[in-house]
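Engineer: In case it helps, the UniProt record's numbering puts the sequence shown at residues 1 to 313.
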Amino acid sequence: MTITQLQYVLAVAEYRNFTLAAEKSFVTQPTLSMQVQKLEDELDILIFDRSKKPISVTEVGQKIVAQAKNIVNEANRIKDIVDQEKGFIGGEYTLGIIPTIMPTLLPMFLKTFIKKYPKVNLIIKEQNTDGLIRNIQDGHLDAAIAATPLEVEFIKERPLYYEPFVGYVPPSNKLHKLETLNPEDLDINEVLLLKDGHCFRDGIINLCKSAKSFEDEHFQLQSGSFETLVNLSNEGLGMTLLPYLNTLELDDKKKKNLRYFNSPSPAREVSLIYHKSELKIQITEAIREVIASVVRGAITFQDVKIISPITKK
Numbered sequence: 001m002t003i004t005q006l007q008y009v010l011a012v013a014e015y016r017n018f019t020l021a022a023e024k025s026f027v028t029q030p031t032l033s034m035q036v037q038k039l040e041d042e043l044d045i046l047i048f049d050r051s052k053k054p055i056s057v058t059e060v061g062q063k064i065v066a067q068a069k070n071i072v073n074e075a076n077r078i079k080d081i082v083d084q085e086k087g088f089i090g091g092e093y094t095l096g097i098i099p100t101i102m103p104t105l106l107p108m109f110l111k112t113f114i115k116k117y118p119k120v121n122l123i124i125k126e127q128n129t130d131g132l133i134r135n136i137q138d139g140h141l142d143a144a145i146a147a148t149p150l151e152v153e154f155i156k157e158r159p160l161y162y163e164p165f166v167g168y169v170p171p172s173n174k175l176h177k178l179e180t181l182n183p184e185d186l187d188i189n190e191v192l193l194l195k196d197g198h199c200f201r202d203g204i205i206n207l208c209k210s211a212k213s214f215e216d217e218h219f220q221l222q223s224g225s226f227e228t229l230v231n232l233s234n235e236g237l238g239m240t241l242l243p244y245l246n247t248l249e250l251d252d253k254k255k256k257n258l259r260y261f262n263s264p265s266p267a268r269e270v271s272l273i274y275h276k277s278e279l280k281i282q283i284t285e286a287i288r289e290v291i292a293s294v295v296r297g298a299i300t301f302q303d304v305k306i307i308s309p310i311t312k313k
């Protein structure tokens, strides 16, 4: 039994296809198939049911796959131990970021990070929260930046900053006359939201303590863009809420439509999240330190109330 064989097993279990698993493992399909077969012969069991399309994992195979993940992770820790002992911060590192954070945070820290840690090959992927959690569990992401708390058993959360919600209220909206907002001022059915799948949307629904009804609406918005929400608000179709960092790039005319909440301001907690196995922790810590240093000057809010991004049932 070898680590390589276990890695191949994990690839087949994930992609449910030997050809695709081989492609993702950068080996030929016959090589991968032969090594998986050798492991099955050695153990005298079938890990995969090849008669089904797509391939399925047998009952005993599921237990082997779970254990294989642990073994491969622990094997990877050996290199981590050596790197940490040498004080080496480098190598490939894959970081996921949710779409509502990527455009504002990434430009703030990326240049500083790659200048300070030139030996790190940083791969950045934009994914929604569910995708981040799944890919951290499967080992496809070393860490991610997301709104928390997430309450996921295998994930550690390290808060980076707290980002207040800010109302964007055009003159056509009845709340425009208010200088500041309270959560109870909001009517969820008048708030333009991002499409399903965005945790910022879920946070707003949780803030309003109500589910949005689409029954009497003439349109349903399926957009992931805050710019679109602002433009629709300006057309008199409602108001919206923006993360604080997104308000910094608005022009002076649009900034006149911003309405801040009374303290404690509702806010999202933005954290660096990663697997409890803490692989490549030295790079994770380096990213956290760089982000904390550059964000500290941009966001100084302390009196906030964290709004959960978890969808309420």
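All C-beta atoms, glycine included, are put in the ideal place defined by N, C-alpha and C.
#1: Would you mind working out which of E184, P309 and S308 sits nearest F261, comparing C-alpha positions?
#2: In three-state DSSP terms, what is R134?
#3: What is the rounded straight-line gap between the Cα of N189 and the Cα of L229?
#4: If you reduce the DSSP assignment to three classes, tell me which class H140 lands in.
#5: Tell me, to the nearest whole angstrom, how far the beta carbon of R259 is from that of L181; I am working on the premise that it is less than 8 Å.
#6: As a quick exercise: from G203, S172 and L272, pick the residue whose alpha carbon is nearest that of M239.
#7: Which residue from Q137, D142 and P164 puts its Cα closest to that of residue 332?
#8: Quick one: which unbroken beta strand (DSSP E) runs of 3-plus residues sit fully inside the stretch 103–186? Chain order, please.
#9: Measure from the alpha carbon of K69 to the alpha carbon of each residue in A11, T284 and T148, then state which is nearest.
#10: Taking the Cβ atom as the reference point for each residue, do E40 and L32 lie within a distance shorter than 7 Å?
#11: Return helix, strand or coil for P243, following the three-state DSSP convention.
#12: For K57 and A13, which I take to be in contact (beta-carbon distance under 8 Å), what is that distance rounded to the nearest angstrom?
#13: Which word fits D142, buried or exposed, when buried means at least 16 other C-beta atoms lie within 10 angstroms of its C-beta?
#14: What's the C-alpha gap between F214 and D187?
#15: Could you spell out where the beta strand (DSSP E) holding residue 374 opens and where it closes?
#16: Measure the C-alpha to C-alpha separation of R134 and L110 and round it to an integer number of angstroms.
#17: Alpha carbon to alpha carbon, how far is D251 from Y168? Give it in angstroms, no decimals.
#18: Can you give the Cα-Cα distance for M34 and T247, rounded to whole angstroms?
#19: Expressed to the nearest angstrom, what Euclidean distance is found between the alpha-carbon atoms of L193 and M102?
#20: Kindly indicate which three-state DSSP category T94 falls into: helix, strand or coil?
#21: Is it right to say K115 is buried, meaning 16 or more other beta carbons lie within 10 angstroms of its own, or is it exposed?
#22: Compare the Cα-Cα distances from Q29 to each of E42, V9 and L43 and report the closest residue.
#23: Just to confirm my understanding: we take T19, look at its own chain, exclude 5 residues before and 5 after, and list those with CB closer than 6 Å. What are they?
#24: Within the same chain, show all residues whose beta-carbon is closer than 6 Å to that of A146, passing over the 5 residues directly before and after it, in chain order.
#25: Starting from the Cα of A75, find the closest Cα among Y162, G96 and T4 and give me that residue.
#26: DSSP three-state label for K86, please.
#27: Count the other CB atoms within 10 Å of the CB of A66; is the residue buried (16 or more) or exposed (fewer)?
Structural biologist: To lay it out plainly:
#1: For this step, residue 261 is matched to residue 261 along the sequence shown. Measuring from the Cα of F261, the nearest candidate turns out to be E184.
#2: By 1-based counting over the sequence shown, the position of residue 134 is 134. Looking at R134 - three-state DSSP - the assignment turns out to be helix.
#3: As a working note, residue 189 is residue 189 in the sequence shown. As a working note, residue 229 is residue 229 in the sequence shown. In a straight line, the C-alpha of N189 is about 14 Å away from that of L229.
#4: Within the sequence shown, residue 140 is the residue found at index 140, counting from 1. H140: coil per DSSP, three-state reduction.
#5: Translated into the one-based positions of the sequence shown, residue 259 becomes position 259. Translated into the one-based positions of the sequence shown, residue 181 becomes position 181. Their Cβ separation, rounded to whole angstroms, is 5 Å, which keeps R259 and L181 in contact under 8 Å.
#6: The residue given as residue 239 occupies position 239 in the sequence shown. Closest option to M239, Cα to Cα, is S172.
#7: Because residue 332 is not part of the residues shown, which for the chain are 1 to 313, the question remains open.
#8: 120–126, 143–148 and 155–168
#9: Walking along the sequence shown from the start, residue 69 turns up at place 69. For the residues A11, T284 and T148, the minimum Cα distance to K69 belongs to A11.
#10: The residue labelled residue 40 in the question sits at position 40 within the sequence shown. The residue labelled residue 32 in the question sits at position 32 within the sequence shown. Not a contact, by the Cβ cut-off of 7 Å.
#11: Here residue 243 is taken as the residue at index 243 of the sequence shown, counted from 1. In this structure, P243 counts as strand in the three-state DSSP scheme.
#12: Counting from 1 along the sequence shown, the entry for residue 57 is found at position 57. Counting from 1 along the sequence shown, the entry for residue 13 is found at position 13. Here the sequence assigns Val to residue 57, which means Lys is not the residue at that position. Yes, they are in contact, since the Cβ atoms of V57 and A13 sit about 5 Å apart, within 8 Å.
#13: Residue numbering aside, residue 142 sits at position 142 when the sequence shown is read from its first letter. Result: buried.
#14: Working through the sequence shown from its first residue, we reach residue 214 at position 214. Working through the sequence shown from its first residue, we reach residue 187 at position 187. Low local confidence applies: a pLDDT of 46 at F214 is under 50, so the model's placement there is unreliable, with the coordinate-based value given in what follows. Going from the Cα of F214 to the Cα of D187 covers about 13 Å.
#15: Any answer about residue 374 is impossible in this case: the structure gives the chain only from 1 up to 313.
#16: Stepping through the sequence shown from its first residue, residue 134 is reached at position 134. Stepping through the sequence shown from its first residue, residue 110 is reached at position 110. The alpha-carbon atoms of R134 and L110 are separated by roughly 24 Å.
#17: As a first step, residue 168 is located in the sequence shown; it is residue number 168 there, counting from the start. As a first step, residue 251 is located in the sequence shown; it is residue number 251 there, counting from the start. About 13 Å.
#18: Numbered from 1 along the sequence shown, position 34 holds the residue referred to as residue 34. Numbered from 1 along the sequence shown, position 247 holds the residue referred to as residue 247. Approximately 56 Å between the Cα atoms of the pair.
#19: Taking the first residue of the sequence shown as 1, we reach residue 193 at position 193. Taking the first residue of the sequence shown as 1, we reach residue 102 at position 102. Going by the C-alpha atoms only, they are around 18 Å apart.
#20: Residue numbering aside, residue 94 sits at position 94 when the sequence shown is read from its first letter. Strand.
#21: Numbered from its first residue, the sequence shown carries residue 115 at position 115. The residue is exposed, with fewer than 16 neighbouring Cβ atoms inside 10 Å.
#22: Within the sequence shown, residue 29 is the residue found at index 29, counting from 1. Taking only the C-alpha atoms, the option nearest Q29 is V9.
#23: Counting from 1 along the sequence shown, the entry for residue 19 is found at position 19. Closer than 6 Å at Cβ, skipping near neighbours: Q29.
#24: By one-based count along the sequence shown, residue 146 stands at place 146. Closer than 6 Å at Cβ, skipping near neighbours: I98, T129, L132 and I273.
#25: Residue 75 sits at position 75 when you count from the first residue of the sequence shown. The shortest Cα separation from A75 among Y162, G96 and T4 belongs to T4.
#26: Taking the first residue of the sequence shown as 1, we reach residue 86 at position 86. If DSSP states are grouped into helix, strand and coil, K86 belongs with the helices.
#27: Residue mapping note: residue 66 aligns to position 66 of the sequence shown, counting from 1. It is exposed - the Cβ of A66 has fewer than 16 other Cβ atoms within 10 Å.
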